[in-house]
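S.K.: Sharing a structure here in structure tokens format.
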Amino acid sequence: MAEYGESSYRRFLQGDPAALEELIRTYSDSLVRFAYGYVRNASVAEDVMEESFAALFVKARRIRDDAHLRAWLYRTVHNKCMDHLRRHRNEVPLSDVENVLSGENTQMDAFRRHRNETVYICIQRLPAQYRDILLLAYFDGFSTEEICRITGKTTKQVYNLHARAKVALKELLQKEGITHEDL
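163 is the number of the first residue of the sequence shown in the working numbering; add one for each residue after it.
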């Protein structure tokens, strides 16, 4: 995927309009899931993702490689989510949780579906810094170095937040009756 995104981005900078569509197909699902973690509304998350790609289109900045492009996109989505939350300070109910569960098979049995929803809800209960680190590391597959660029934190801070987030998530899951064996 990295090579595909990088070549699409280079073609986009050279004026190929189809390359932007390829970039959107490559990154849109994970960016929407990331945005949903903040705004907790599927349609708003999609809007934020679209605004981020619009910013990429308008600015057309030169980014070194695909890893930097991904980090720039995630940072832009994060900033746009924060802008949205500042503008709309009210709480949004967690009603669209099934739309976000990482593309799981829709024929999933009831136990697995309940477990996944419970894990996702527990992640959403974590403090924002913990939630961000876990989502970036496990759901979107970013390295520690990339997470540092996206969050603006040092490597030590990311390691500490990651460790604390795992402990906090484990405690929440145990309260909900989910153990390591259930995962």
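For every residue, glycine included, the Cβ atom is placed at its ideal position computed from N, Cα and C.
DSSP on GLN336, reduced to helix/strand/coil?
M.R.: Helix at GLN336.
S.K.: What's the C-alpha gap between ARG311 and ARG277?
M.R.: Spanning the two alpha carbons is a distance of roughly 32 angstroms.
S.K.: When we look at the beta-carbon of MET211 and count the other beta-carbons within 10 Å, is it buried (16 or more) or exposed?
M.R.: MET211 is buried by the Cβ-count criterion.
S.K.: What number of angstroms, rounded off, separates the C-alpha of LYS337 from the C-alpha of THR280?
M.R.: Straight-line Cα distance between these residues: approximately 11 angstroms.
S.K.: For TYR292, report the span of its alpha helix (DSSP H) as first-last.
M.R.: 290-296 is the span of the alpha helix (DSSP H), which, as asked, contains TYR292.
S.K.: Among the residues of its own chain, which have a CB less than 7 angstroms from the CB of LEU185, if the five just before and after it don't count?
M.R.: Once the five neighbours on either side are set aside, the close Cβ partners of LEU185 are GLY167, SER170, TYR171, PHE174.
S.K.: Expressed to the nearest angstrom, what Euclidean distance is found between the alpha-carbon atoms of THR238 and ARG249?
M.R.: Rounded to the nearest angstrom, the two C-alpha atoms are 17 angstroms apart.
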